[in-house]
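Enquirer: Below are the structure tokens for one structure; questions will follow.
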Amino acid sequence: MMGKIIAVFIVIVSIAAGAGLYYSQVYGYYDTVTPTPGQDVMLIANATGQPEPIAYDNFQAIDAQSSPIRFRACFTTPIDPAALTGSYWPATTAEPLNPPNWFDCFDADEIGAGVQSGEFATFIGAKNIAYGVDRIVAIAPDGRGWIWHQLNDCGEKAYDGTVVGEECPPKPGSDS
415 MMGKIIAVFI VIVSIAAGAG LYYSQVYGYY DTVTPTPGQD VMLIANATGQ PEPIAYDNFQ
475 AIDAQSSPIR FRACFTTPID PAALTGSYWP ATTAEPLNPP NWFDCFDADE IGAGVQSGEF
535 ATFIGAKNIA YGVDRIVAIA PDGRGWIWHQ LNDCGEKAYD GTVVGEECPP KPGSDS
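Numbers given in our numbering equal positions in the sequence shown, counted from 1, plus 414.
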């Protein structure tokens, strides 16, 4: 009898721990980002190399302190993405990461397919938001837009353990 009670106790504790872990990964770490009008959607201009705001509306975003690549945002813009193409830095590699399933305006599969097909224009919104992480902006022809953070070449090297090299800036807190 005592063995059954211990087994039931272990199962209940395991289920509670699993539920807690699931909640913390999917809901607990994410915070809603408060919009900052005129600063939420920016693209790096070819002329200056500095981020410049573009017109947007309906901005919503989530972020987490636990990782620099958990940022996801959605917005709309009246600007035709073709008009932006010659003036702003293009993102040569853009691979959106999946958001939590409750953040339903950001469909990574749809965005990725649009980026792969060339239907959606992609831009760099900011370089090195955190060390080795760039902000990527994708805009569809119908005016829907998305923003996410992804590792750049230096970030890929720094986090997979290969030698970063001279072309990358020194990591914060390092002596080099």
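Using N, Cα and C, we set each Cβ at its ideal position, and we do this for glycine too.
Apart from the five residues on each side of it in sequence, which residues of its chain come closer than 7 Å, Cβ to Cβ, to I543?
Expert: Around I543: P482, R549 and H563.
Enquirer: Which of the three DSSP states, helix, strand or coil, is assigned to Q530?
Expert: Note: Q530 maps to helix in three-state DSSP.
Enquirer: Hey, which unbroken runs of the alpha helix (DSSP H) at 4 residues or more fall wholly within the stretch 473 to 540?
Expert: You should have 495 to 498 and 522 to 531.
Enquirer: Return the Cβ separation of T448 and I476 in integer angstroms, given the expectation that the two are a contact with Cβ distance under 8 Å.
Expert: Contact flag wrong, Cβ pair sits at about 11 Å.
Enquirer: DSSP on M456, reduced to helix/strand/coil?
Expert: Strand.
Enquirer: Tell me which residues share the same chain as D471 and place their Cβ nearer than 6 Å to its Cβ, disregarding the 5 neighbours each side in the sequence.
Expert: Within the same chain, D471 has close Cβ partners T490.
Enquirer: What's the call for D518, buried or exposed, on a 16-neighbour Cβ count within 10 Å?
Expert: With fewer than 16 other Cβ atoms within 10 Å, it is exposed.
Enquirer: Quick check: what's the CA-CA separation for G500 versus I458?
Expert: Their Cα atoms are separated by approximately 11 Å.
Enquirer: Taking D556 as part of the alpha helix (DSSP H), name the residues at either end of that continuous run.
Expert: Counting along the chain, D556 falls outside any alpha helix (DSSP H), and DSSP gives it neither H nor E.
Enquirer: Go through its chain and collect everything with a Cβ distance to F534's Cβ below 6 Å, but skip five positions before and after it.
Expert: These residues qualify, in order along the chain: G528, A552 and A554.
Enquirer: Go ahead and pull the three-state DSSP assignment for A572.
Expert: Helix, per DSSP.
Enquirer: Rounded to the nearest angstrom, what separates S428 and Q464 at their Cα positions?
Expert: Their Cα atoms are separated by approximately 50 Å.
Enquirer: Are the beta-carbon atoms of R484 and F520 separated by less than 7 Å?
Expert: Result no, Cβ atoms of R484 and F520 do not sit closer than 7 Å.
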